[in-house]
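**Student:** According to UniProt numbering, the sequence shown is numbered sequentially starting from 1. Input: one structure, supplied below.
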Amino acid sequence: MEKQKTPLEHAAGKLISSLQKEWGAEAGEPGADISEEAMHKCHSLLHGAKNGSLQSVLRGASVTDFIGRAWVRAHPRVLPAIRAFEEQVAISAGAQPAVEADGHAPGQ
């Protein structure tokens with residue numbers, strides 16, 4: 001019997017899907033390797049979400065910083081998926097998101 005995905009795992013999967021679209025659109029172009037690296041980082045987030053080690057994976061960084069701030073700025077279509085993932089991270093930790101998807105504290 002397959003284990004039901006948690007909302008956090010589901011949000012991580014959506015984040016991966018969002019990054020895969022960007023990576024696929026850039027295939028064969030200069031910089032596609034950076035998008036592939038960002039996608040692999042999101043897979044690390046999913047694994048951390050699955051095994052309860054997400055905070056160890058992030059090491060105190062925001063999701064934007066973990067993926068790569070410059071990459072996220074260049075690919076704004078992933079921001080909704082980052083926000084959704086961060087919301088689920090906060091919910092799973094029992095707190096409000098301390099950092100918005102752009103990496104700044106709320107209100108900055």
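We put the CB at the ideal spot given by N, CA and C, even for glycine.
Could you compute how far the alpha carbon of Leu54 sits from the alpha carbon of Glu86?
**Tutor:** 11 Å
**Student:** Tell me whether Ala27 sits in a helix, a strand or coil according to DSSP, three-state version.
**Tutor:** Of the three classes helix, strand and coil, the one that applies to Ala27 here is coil, per DSSP.
**Student:** Find out if the Cβ-Cβ distance for the pair Ile82, Val72 is shorter than 8 Å.
**Tutor:** Against a cut-off of 8 Å, the Cβ pair of Val72 and Ile82 comes out as a contact.
**Student:** Under three-state DSSP, which class holds Arg59?
**Tutor:** coil
**Student:** Taking the C-alpha atoms as reference points, what is the distance between Arg69 and Gln4?
**Tutor:** 32 Å
**Student:** Hey, out of Ala49, Ala93 and Pro30, whose CA is closest to Lys14's CA?
**Tutor:** Ala49
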